[in-house]
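Going letter by letter, the sequence shown gives residues 1 to 170 in full-length UniProt numbering.
Where a beta carbon is used, it is the ideal one built from N, C-alpha and C, also for glycine.
Keep in mind the model is a prediction, meaning the values are calculated, not measured.
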Amino acid sequence: MSELQWYVMYTASRSEKKVAKRLREKGWDVYLPLVTELRQWSDRKKKVERPLFNGYVFVKTQRNQLWECLQEPGAVKFVHFSGQHATVREEDLDKIKRIVETGVAVETDGTEIEPGEQVEVIGGPLQNMVGECIEKGNKDYFVIRIPGIYQNMLINLPRKYLQVLPSKAS
């Protein structure tokens, strides 16, 4: 019997919450990172929860049970890279959960970013997290890479909270 892994399911547009709910109701271990943002309409403002990664739901299952998960309405397919099912490590999901739980403003970015300085957060709710520091559009971002889905989480943090780590190449 194969071991449980976090697989990345692609859903129909704007179906992430419904698919995650249905899968949970059927007993699957599901994670859908949601962020709250303030939306402006012509007559009011409202806080809404939206998926951090559009179209993605993480499902912990065995490879031979992927087909069962796809039977839910709104489930499209499991994400593949280079002919292999995309999986995400538990420690990467723990990082995503920690960032989402803090409520810090976060963006996602699927573009390839050249490796930058390795930094550690030395203050605030993400203290002790290690990642990269990049500059994008005159702002400094703390980057957490999620290699299993080729996504990056960009968190705008003041430089005073970042400490450059010594280079490993000596």
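Express the C-alpha separation of Tyr150 and Glu139 in angstroms, rounding to a whole number. A quick correction: the sequence has Lys, not Glu, at residue 139. Distance between the alpha carbons of Lys139 and Tyr150: 22 Å.
Mind checking whether Val59 and Leu93 have CB atoms under 8 Å apart? no
Beta-carbon spacing of Val130, Glu117 below 8 Å: no
Starting from the C-beta of Lys46, find all residues in its chain whose C-beta is less than 7 Å away, skip the five residues before and the five after it, and write them out in chain order. Arg39
Residues that DSSP places opposite Pro51 in a beta bridge: Leu34
Output needed for Asp29: all residues of its chain with C-beta closer than 6 Å, excluding positions within five of it in sequence on either side, in chain order. Lys60
With DSSP collapsed to three states, give me the class of Ser170. Low local confidence applies: a pLDDT of 47 at Ser170 is under 50, so the model's placement there is unreliable, with the coordinate-based value given in what follows. In this structure, Ser170 counts as coil in the three-state DSSP scheme.
With a 10 Å radius around its C-beta and 16 neighbouring C-beta atoms as the bar for buried, classify Glu72 as buried or exposed. Glu72 comes out buried.
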